[in-house]
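Engineer: Protein chains in written order, with UniProt numbering: chain V, 1 to 761; chain R, 1 to 761.
The beta carbon of each residue, even a glycine, is placed where N, CA and C say it ideally should be.
All of these numbers come straight from a predicted model, not from anything done at the bench.
2 protein chains.
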Amino acid sequence: MPEVLRPTPDSGWTLAHDGYSVTTESAVESRFAFGNGFLGMRAARSVSRGPTWASWLGYIRWASWPRCYVAGLFDMPNTEPAVPALVPVADWSRVRIVLDGATLAAREGAMLHGTRTLDLRRGVLLADWAHRTPAGVTFRGRELRLLSLADRAVGLQILRIALDRDEVEVKLEASFGLAGLGMEPMRLERDLAAWRTEGTAKAVAMAGAARLAHGGAASEPERPFPLRWVWRWRSVAGQAAVFARLVAVARADRPDEDPAPPAAAALARSTALGWRAVLAAHEAAWGERWTMSDVLIEGDDALQRALRFAVYHLTSAANPEDERVSIGARGLTGDAYFGHVFWDTEIYLLPFYTAIWPEAARALLMYRFHTLPGAREKAVRLGYRGALYPWESADTGAETTPDSVLGPNGTPVEILTGKMEHHISADVAYAVWHYWRATGDDDFLLQAGAEILLETARFWVSRAVPEADGRRHIRHVIGPDEYHEDVDDNAFTNVMARWTIARGLEVVALLQARWPERAAALRAALALGDDELAQWRDATARIVDGLDPETGLYEQFAGFHGLDLLDVADYADHALPIDVIIGRERTQGSQVVKQADVVALIALLPQEFPGASAETNFRHYEPRCAHGSSLSASMHALVAARLGQTETALRYMHETASLDLDPDPNSAGGVRIAGLGGLWQAVVRGFGGLTLSGERLEIDPRLPPQWRLLSFRTRWRDRMVAFRITQDGVDARLLAGERMEIGIAGTSVALEVGMAQRVSH
Amino acid sequence: MPEVLRPTPDSGWTLAHDGYSVTTESAVESRFAFGNGFLGMRAARSVSRGPTWASWLGYIRWASWPRCYVAGLFDMPNTEPAVPALVPVADWSRVRIVLDGATLAAREGAMLHGTRTLDLRRGVLLADWAHRTPAGVTFRGRELRLLSLADRAVGLQILRIALDRDEVEVKLEASFGLAGLGMEPMRLERDLAAWRTEGTAKAVAMAGAARLAHGGAASEPERPFPLRWVWRWRSVAGQAAVFARLVAVARADRPDEDPAPPAAAALARSTALGWRAVLAAHEAAWGERWTMSDVLIEGDDALQRALRFAVYHLTSAANPEDERVSIGARGLTGDAYFGHVFWDTEIYLLPFYTAIWPEAARALLMYRFHTLPGAREKAVRLGYRGALYPWESADTGAETTPDSVLGPNGTPVEILTGKMEHHISADVAYAVWHYWRATGDDDFLLQAGAEILLETARFWVSRAVPEADGRRHIRHVIGPDEYHEDVDDNAFTNVMARWTIARGLEVVALLQARWPERAAALRAALALGDDELAQWRDATARIVDGLDPETGLYEQFAGFHGLDLLDVADYADHALPIDVIIGRERTQGSQVVKQADVVALIALLPQEFPGASAETNFRHYEPRCAHGSSLSASMHALVAARLGQTETALRYMHETASLDLDPDPNSAGGVRIAGLGGLWQAVVRGFGGLTLSGERLEIDPRLPPQWRLLSFRTRWRDRMVAFRITQDGVDARLLAGERMEIGIAGTSVALEVGMAQRVSH
């Protein structure tokens, strides 16, 4: 029994945190969060705590209370800003222990040790602590919590406690804490409760079962209320009591759906298996995922660790079984950004899922298909055609960016991104196309992808308006560099738009050639005539792109080159972002870039940077970037790696890696999952040189000299390929799927299952 | 029926707020809070809301959720900082309305109007709103809520709703919202729930009863869960439904006390009366209080309004029936300062209660008597004798000032006040003495007051250590001016200490003269020998006081005159306090004063400022004060009024008045009740010139030339006296009690009941 409560011995697979500090707790709870894409839970302590808070200037701030999230459980609070927000459900892991009438409280007596360990390999959160009470009793506890990757409705908690003294009256109370904060209870039964959201038609049910055994024998609990179990016994020194609780959760999206039966069924399923089998199935599911997704780096322990952490959270965030949800900016690990979905998903996360877990990638893109009506509605509302995806998206696909938020000093700050940050509609198209290229998932293309590509292309054609100069301009936008609002002809936006329109034309041609019936049906459904396609061709030829053909330099947007030059390095050491230090207005007037903008374009569309243009642009823009976003460093790392600027790439990778691994108050609202996806890309696409979008799989590694090994797997068109990259060369092995030709550093190599191929440098 | 839902027509008795804005909501909820000293409730909307929040930078901040407080219900959350905090109980006034299946939500459809009105005269919070739903139905609601001043365990909510359409399916759900946040449920029954605190031995029970009538007939609710009532009916256009809910609350302070029976008894009491009688008794109790406490000002409507507001909150905050609680820095109107009690109570609030409501004053001072053990323990712990009251006090009298709090940037800020701000132990003695002088409450003196005076005197003698210079010094303190920490010989502290020791000696003499047995018993119990009293006499003679006898100027603390001179006016327009702008260190090195320090001493002990010394000191210190505390302006107003600096006094009064009446984000955590008490003092003691501590009641008015009338009442030694002050003179009337002599502007006047006396100028 105790062995399941011990972490994987290899410290490369674990993160440990000792103690508790109110200053870092929120960030720890984000970093150590666990989940399965349907459920997510922050790593708040389950035993012996009240609600935790921090305070300043006499104010209580409820900084950290336990939170369990259900993907897609958005509510529309009846307030300003009226934007949907992910609402937490009951904390199902709450336990209170009372020894001889005194509640075990961390602040009383002496905490001899207390460690939380995130076991990345097994996907479990462990705790191990010893506590000497004021009465001199030593309490030892070990705990395991998980949200099952094998059965996403199910959670498990195992708690083993022991005292060093006989005859202590022990009381263990297990309950569901903070049940229904902000939600309306619908049912409240012995083993099940259900709540509906306040302002949407959603509902959630949670069912629980708990057991306790001590001295080897199970013991019957008192059941004073629904979802509460109480045991009382007299301690025997050294004899452990083992508490096990299973929880099952179901979400309902429509008023006529009842979430209680599926929650009850999931609970019945898992109790029939028993907790050992639930745990074993979960570990097996994680084992499978790690077999596919683990990236080995020899020669850089810090990055190795960061990659594991990244893949852990990426794996925890996605759910191939649910096409109605996507991944919010903080996954299911915190409240920040209300659970809203940004371009982060398509540009920073999808490359990982597409390569490693295409089933998850497909579900995420299907979310964009199901939310097409919202994107169409937004386009129409703003006077355009086709599909303009919301900058922030929740469950329905409606634009959910708040019009304003309260600034730290209590005054509202206007938010323009929901009105002007349109590149999202190219980013979604980009992810669709690259998913289809990498997977060859024609069903997806026919069912969903083509329609997204055509509707986003149509949007961009309507958006890029021909003007008197004979060119098409895209005015009044915000690019990835959000320091500069309401700009014209943002290079990133315009080039991505042009690319999207070109893919629209390409998909029309492709459908007509391969699936003429589908082509006809879709064109009829969308009323896409030849005249309109002529407009599309015109648009691809005439969109301003800001490229100076002489120098190869893109101008980030019209007029950028004329703005004030600032030495960004002067502000690098400040704790505050540069726009806060120098003010929003001065930032707008300066050549200071929030995050990769032209640099992101190099990463996404390298073909638009012929010759030395990529290097020219990177050299120009890299020193102008203030990295005011967690999205910035990884994009710079990826581009630097491709350009052979290895030290620069490594520096940016380590910066990205430290984002959520170092104590950083910004992690309090959840892990910056886009940074984690970006890190994976920087390593695998940057140093690994993996490209999945061509006619054949290509790999063109640039291993840093200090690295001995980089190894990873990828999927490509129903195949699975493993790569081992060393300073001497590349080993490639086809693990599953039909014979294929791949390119290794430009050399064509044929792979068959079971036959290793090696290309030496 | 509707008439009870209408505010007092005279707008001098009401505060109204239209609409809802997330930026001001928290402050409105503080300002419009209602309570009775046992229960307090913020003015959150009860109908059609989810939890409200504000956000910034993508973070959700639960800025404003409904809170109901129970005085003394402190919990010790199992966290850092481990200080007790007032914990909110369930929001018992929650109502949800569903029309044809659609929840009434403020953000949907059109809010035609929406007003919350605080009716100061009746002590009720009213709401009146009309809402056109997306379906085109016009909903009208009127609501009344109160916490009874006649039976402090009881609350009442009346809600009248009407639609403009027939045959709408109406559902009204009444529940207890957010029940038990941070507390452990003990009982959960049909009409009653009980919770215990997590970390202390306290418990609370809440019982509820609800009725609904429409078309004149009562209707039976569904009861799906404990403390939830659901009614469904079909609307008749224009026909009102009236919902009435009574709640009863009880607190238990010990594990062996069960709060459920008293809560159930209070509910039974109020349901037997019926809501109309509960409302009538409450209004009668408020009427009685207003008869005693209303201050009339003719010629300054803004101050008249502010005085009403002040007296309203002062009346709402105190409870003469509970000696175990005092009034926190924000009363029961918000979370700030965790509900902790500061010197605010004794110095800023007690003068009001002593004059107007001595029963409340006595209970507040008895709280300090019951917490004497904590004060003794603190003195011993710091190496002193006697009683050193905690700078921040909760329920037990232990020091509860956090050692540090998280600053706004997430780093801890050390808090030294709990270690060094010792003048509290003189402030308590000051309030005790002045209460006894004003009331002649010898029972209190014998039972409690004398012991507080002796123990605080003893503390100060041990604290004021004789040094080589032959003087006694009080080193390492913080005075009221908290900008200067760890200073020596703070004039306020030292002079108040000397005064306390002198009162200690005086009370010994008094007891020996009048109650020799009590004197002997008390001296024996405290082991207070003659040798020690000799030390006390020595101390009064030798404590350094910082007074320059030549100039009459006190030095705020040793070395203050040598600090940098700053022009405080340069920083007056900033939104931020001066110590934030120029930094803590530079503030420490400058002659910039946070709040009245020497000026406060003028107000408290005018006898220590002979001749022109009061004016000299005010002229010196007033321009050095940055008013970085809500306590500052009223003290300046009081002193300026006494010095005849009428315009300055009025300016400071208006500043104090605007503190909580203007939209000020600092009100979000609750009203600054000390500022309200200070305003009453500035008017009644400052312009009115009321003095209750002498051998006879004295009044020496200095009416501002633009005022036509100042009228108020006071109690004095079992008598009740009414004053009407005009530009022509003073009318005094004894309303109750034995014949007395009073001083009016130095003239002795005899008063008998029923006989008015007038002294003309």
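#1: Please state whether the Cβ-Cβ distance between D728 of chain V and S760 of chain V is less than 8 Å.
#2: Taking 8 Å as the cut-off, does the stretch 305-324 of chain V touch the stretch 688-706 of chain V (at least 3 CB pairs, one atom from each stretch)?
#3: Per DSSP, M206 of chain R is paired with what?
#4: Could you tell me which residues DSSP pairs with L563 of chain R in its beta bridges?
#5: Can you confirm whether G72 of chain V, when its beta carbon is compared against all beta carbons of chain R, has any partner nearer than 8 Å?
#6: Exposed or buried, D531 of chain R, counting other C-beta atoms within 10 Å across all chains shown (16 or more means buried)?
#7: Please check the pair L697 of chain V and W716 of chain V, which I expect to be a contact at CB under 8 Å, by giving their CB distance rounded to whole angstroms.
#8: Can a CB atom of chain V be found closer than 8 Å to the CB of E323 of chain R?
#9: Can you find a CB in chain V that lies within less than 8 Å of the CB of F225 of chain R?
#10: So P185 of chain V contacts chain R; which residues on that side make the cut at Cβ distance below 9 Å?
#11: Less than 8 Å between the CB atoms is what I'm expecting for V639 of chain V and I602 of chain V, so what's the real figure, rounded?
#12: In the structure shown, what three-state DSSP assignment does S293 of chain V receive?
#13: Leaving out five residues on either side along the sequence, give the residues of the same chain with a beta carbon under 6 Å from the beta carbon of G58 of chain V.
#14: Going by C-alpha distance, which of V:D403, V:E377 and V:D481 is nearest H423 of chain V?
#15: Does DSSP put D301 of chain V in a helix, a strand or coil?
#16: Within 10 angstroms of the Cβ of A217 of chain R, are there 16 or more other Cβ atoms? Answer buried if so, exposed if not.
#17: If you draw a straight line from the alpha carbon of S11 of chain V to that of L99 of chain V, how long is it in whole angstroms?
#18: Note down the Cα distance separating H473 of chain R from G529 of chain R, rounded to an integer number of angstroms.
#19: For L528 of chain R, which residues in chain V fall below 9 Å Cβ to Cβ?
#20: For P549 of chain V and chain R, any beta-carbon pair shorter than 8 Å?
#21: Does L533 of chain V get closer than 8 Å to chain R when you measure Cβ to Cβ?
#22: Of the residues that make up the stretch 27-47 of chain R, which ones have a beta carbon closer than 7 Å to any beta carbon in chain V?
#23: If you measure from the beta carbon of A82 of chain R to each beta carbon in chain V, is any gap under 8 Å?
#24: Is the Cβ-Cβ distance between W92 of chain V and G208 of chain V less than 8 Å?
#25: Which residue from R:A520, R:Q447, R:A558 and R:V170 puts its Cα closest to that of V487 of chain R?
#26: So with Cβ pairs under 8 Å, would you call D333 of chain V a contact of chain R?
#27: Let's see if you can read the secondary structure: which residues bound the beta strand (DSSP E) around R96 of chain V?
#28: Considering only the alpha carbon of each residue, which of R:V495, R:A379, R:V465 and R:R362 lies closest to D443 of chain R?
#29: Assuming L212 of chain V and S219 of chain V are in contact, meaning their beta carbons sit under 8 Å apart, how far apart are those beta carbons, in whole angstroms?
#30: What are the residues that DSSP puts in a beta bridge with F712 of chain R?
#31: Is there a Cβ from chain R that is less than 8 Å from the Cβ of P412 of chain V?
#32: Compile a chain-ordered list of the residues in the stretch 103-136 of chain R whose CB is closer than 7 Å to at least one CB of chain V.
#33: Which ranges would you report for the alpha helix (DSSP H) in the stretch 404-464 of chain R if only whole runs of at least 4 residues count?
#34: For the beta strand (DSSP E) that contains H370 of chain V, what are its first and last residues?
#35: According to DSSP, which residues form a beta bridge with P466 of chain R?
#36: Would you say L188 of chain V lies against chain R (beta-carbon separation less than 8 Å)?
Structural biologist: On the basis of the data shown:
#1: Sequence index remark: in the first sequence, residue 728 of chain V carries index 728 (1-based). Sequence index remark: in the first sequence, residue 760 of chain V carries index 760 (1-based). Judged by their CB atoms, D728 of chain V and S760 of chain V are nearer to each other than the 8 Å cut-off.
#2: Here the stretch 688-706 of chain V makes no contact with the stretch 305-324 of chain V; the two share fewer than three CB pairs at distances below 8 Å.
#3: As a working note, residue 206 of chain R is residue 206 in the second sequence. Beta-bridge analysis with DSSP links M206 of chain R to R:A193 and R:V249.
#4: Taking the second sequence and counting its residues from 1, one reaches residue 563 of chain R at position 563. Bridge pairing for L563 of chain R: absent [DSSP].
#5: Locating residue 72 of chain V in the first sequence gives position 72, where the first residue counts as 1. Taking Cβ atoms only, chain R never reaches closer than 8 Å to G72 of chain V, which makes this a no.
#6: Counting from 1 along the second sequence, the entry for residue 531 of chain R is found at position 531. A residue is called buried once 16 or more other Cβ atoms fall within 10 Å of its Cβ, and D531 of chain R, having fewer, is exposed.
#7: Residue numbering aside, residue 697 of chain V sits at position 697 when the first sequence is read from its first letter. Residue numbering aside, residue 716 of chain V sits at position 716 when the first sequence is read from its first letter. Rounded, the Cβ-Cβ distance is 5 Å, consistent with contact.
#8: The sequence position of residue 323 of chain R within the second sequence is 323, counting from 1. Interface criterion not met: the Cβ of E323 of chain R is under 8 Å from no Cβ in chain V.
#9: As a first step, residue 225 of chain R is located in the second sequence; it is residue number 225 there, counting from the start. Under the Cβ criterion of 8 Å, F225 of chain R is counted among the residues facing chain V.
#10: For the purposes of this step, residue 185 of chain V is taken as the residue at position 185 of the first sequence. Result: S175, P224, F225 and R228.
#11: Taking the first residue of the first sequence as 1, we reach residue 639 of chain V at position 639. Taking the first residue of the first sequence as 1, we reach residue 602 of chain V at position 602. Between V639 of chain V and I602 of chain V the beta-carbon gap is near 5 Å, inside 8 Å, which marks them as a contact.
#12: In the first sequence, residue 293 of chain V corresponds to position 293, counting from 1. Correct three-state label for S293 of chain V: helix.
#13: As a working note, residue 58 of chain V is residue 58 in the first sequence. For G58 of chain V, the predicted structure reports a pLDDT of 45, less than 50, and the residue's modelled location is therefore unreliable. The matter cannot be settled from this model.
#14: Locating residue 423 of chain V in the first sequence gives position 423, where the first residue counts as 1. Checked all of V:D403, V:E377 and V:D481; the closest Cα to H423 of chain V is V:D481.
#15: Residue numbering aside, residue 301 of chain V sits at position 301 when the first sequence is read from its first letter. Helix.
#16: In the second sequence, counting from the first residue as 1, residue 217 of chain R sits at position 217. Of the residues assessed, A217 of chain R falls on the exposed side of the cut-off, its CB having fewer than 16 other CB atoms within 10 angstroms.
#17: The residue you call residue 11 of chain V lines up with position 11 of the first sequence. The residue you call residue 99 of chain V lines up with position 99 of the first sequence. S11 of chain V and L99 of chain V have their alpha carbons spaced roughly 35 Å apart.
#18: For the purposes of this step, residue 473 of chain R is identified with residue 473 of the second sequence, where counting begins at 1. For the purposes of this step, residue 529 of chain R is identified with residue 529 of the second sequence, where counting begins at 1. Between the alpha carbons of H473 of chain R and G529 of chain R lies a gap of roughly 23 Å.
#19: If you number the second sequence from 1, residue 528 of chain R lands on position 528. Simply none; closest approach about 34 Å.
#20: If you number the first sequence from 1, residue 549 of chain V lands on position 549. No - not a single Cβ of chain R is within 8 Å of the one on P549 of chain V.
#21: For the purposes of this step, residue 533 of chain V is taken as the residue at position 533 of the first sequence. Cβ-Cβ to chain R under 8 Å: no for L533 of chain V.
#22: Going along the stretch 27-47 of chain R in chain order, one finds no residue with a Cβ nearer than 7 Å to chain V.
#23: In the second sequence, residue 82 of chain R corresponds to position 82, counting from 1. It does; some Cβ of chain V falls within 8 Å.
#24: Along the first sequence, one-based indexing puts residue 92 of chain V at 92. Along the first sequence, one-based indexing puts residue 208 of chain V at 208. At a Cβ-Cβ threshold of 8 Å, W92 of chain V and G208 of chain V count as neighbours.
#25: Taking the second sequence and counting its residues from 1, one reaches residue 487 of chain R at position 487. R:A558 is the residue among R:A520, R:Q447, R:A558 and R:V170 whose C-alpha sits nearest the C-alpha of V487 of chain R.
#26: For this step, residue 333 of chain V is matched to residue 333 along the first sequence. According to the sequence displayed, residue 333 of chain V carries Thr and not Asp. No, no contact with chain R.
#27: Residue mapping note: residue 96 of chain V aligns to position 96 of the first sequence, counting from 1. For R96 of chain V, the enclosing beta strand (DSSP E) covers residues D91 to L99.
#28: Walking along the second sequence from the start, residue 443 of chain R turns up at place 443. Cα-wise, what sits closest to D443 of chain R is R:R362.
#29: In the first sequence, residue 212 of chain V corresponds to position 212, counting from 1. In the first sequence, residue 219 of chain V corresponds to position 219, counting from 1. About 5 Å separates the two Cβ atoms, so the contact holds.
#30: Translated into positions along the second sequence, residue 712 of chain R becomes position 712. According to DSSP, F712 of chain R bridges with R:F723.
#31: In the first sequence, counting from the first residue as 1, residue 412 of chain V sits at position 412. So, interface residue.
#32: Per Cβ criterion, the list reads T103, A105, A106 and R107.
#33: The DSSP assignment places 417-420, 424-439 and 450-463 as complete runs of the alpha helix (DSSP H) inside the stretch 404-464 of chain R, in order along the chain (cut-off: 4 residues).
#34: By 1-based counting over the first sequence, the position of residue 370 of chain V is 370. H370 of chain V -> not in any beta strand (DSSP E); alpha helix (DSSP H) instead, spanning P358 to H370.
#35: Numbered from 1 along the second sequence, position 466 holds the residue referred to as residue 466 of chain R. Its beta-bridge partners are R:R472.
#36: Indexing the first sequence from 1 puts residue 188 of chain V at position 188. Closer than 8 Å: yes.
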